[in-house]
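Numbering (mature numbering (1 follows the signal peptide of the UniProt record, and there is no 0)), first residue to last: -22 to -1, 1 to 170. Quick notes on the structure that follows.
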């Protein structure tokens, strides 16, 4: 579930191309999605997402390593399309949202890995436990919006995996998968 936080970190990789100086970028929440997938007993994959999240992103296309990302997810906003399961995920069995309402990712480094990819490493905090994670960020497209050519838009896909047991979320593991796949779709534009 911390996958979403990781996805925001991957946005830092968007700096692979963009404006000439480091500047804050704003998240277009209507075109952003934080999702996860986990095995259920080996029979199927359960998918879900977080409905409420935000990001602070400073991108510098000329100096990718100067890019910084902070991603915050409202843990209670988890949605797997089945409310009884969502209640359990919010409970002490999993996210314990009453005591740990946020999932937070803060980047510590961004390293270019290809022409349109970057590794985003940072500290992910879930349920009060902080671990270093690395996600892959892929720049989907960077350029002017076809609806408003004065607006630059950067689109990214951020992906990776986390082991939930490293964050103290041990309930039903490994029958219910310990490894959680994360994917984040993001669109960002300069704040100015």
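Even for Gly, the Cβ is constructed at its ideal location relative to N, Cα and C.
Let's see if you can read the secondary structure: which residues bound the beta strand (DSSP E) around residue i?
i	result
residue 139	130 to 141
residue 119	107 to 122
residue 77	Premise fails: residue 77 is in no beta strand (DSSP E) and is neither H nor E.
residue 98	95 to 104
residue 5	1 to 5
residue 51	46 to 52
Less than 8 Å between the beta carbons of residue i and residue j, yes or no?
i	j	result
residue 112	residue 138	yes
residue 43	residue 13	no
residue 58	residue 67	yes
residue 162	residue 9	no
residue 78	residue 53	yes
Give me whichever residues DSSP pairs with residue i in a beta bridge.
i	result
residue 57	27
residue 11	163
residue 17	23
residue 42	Note: residue 42 sits in no beta bridge, so no partner.
residue 85	100
Going by C-alpha to C-alpha distance, which of the options sits closest to residue i?
i	options	result
residue 123	52, 57, 168	168
residue 132	110, 36, 164	164
residue 98	148, 35, 155	35
residue 134	15, 119, 160	119
residue 215	82, 61, 89, 153	The structure shown has nothing for residue 215, since the chain only spans -22 to 170.
residue 25	64, 41, 89	64
residue 85	91, 96, 100, 71	100
residue 7	96, 81, 33, 129	33
residue 108	96, 141, 56, 130	141
residue 1	147, 130, 150	130
residue 148	55, 71, 16	71
Using the Cα positions of residue i and residue j, report the straight-line distance between them to the nearest angstrom.
i	j	result
residue 145	residue 94	31 Å
residue 76	residue 69	8 Å
residue 117	residue 158	22 Å
residue 73	residue 121	38 Å
residue 125	residue 49	27 Å
residue 3	residue 31	15 Å
residue 5	residue 46	14 Å
residue 27	residue 143	19 Å
residue 37	residue 110	21 Å
residue 170	residue 41	19 Å
residue -19	residue 96	Residue placement at residue -19 cannot be trusted, given a pLDDT of 35 that sits under 50; what the coordinates show is reported in the next sentence. Each residue's Cα considered, the two are about 17 Å apart.
residue 172	residue 128	Examination of residue 172 is not possible in this model, given that the chain is present from -22 through 170 alone.
residue 62	residue 92	43 Å
residue 90	residue 166	19 Å
Just checking: is the beta-carbon of residue i within a distance shorter than 8 Å of some beta-carbon in chain E?
i	result
residue 31	Note that chain E does not occur in the displayed structure, where there is just one protein chain.
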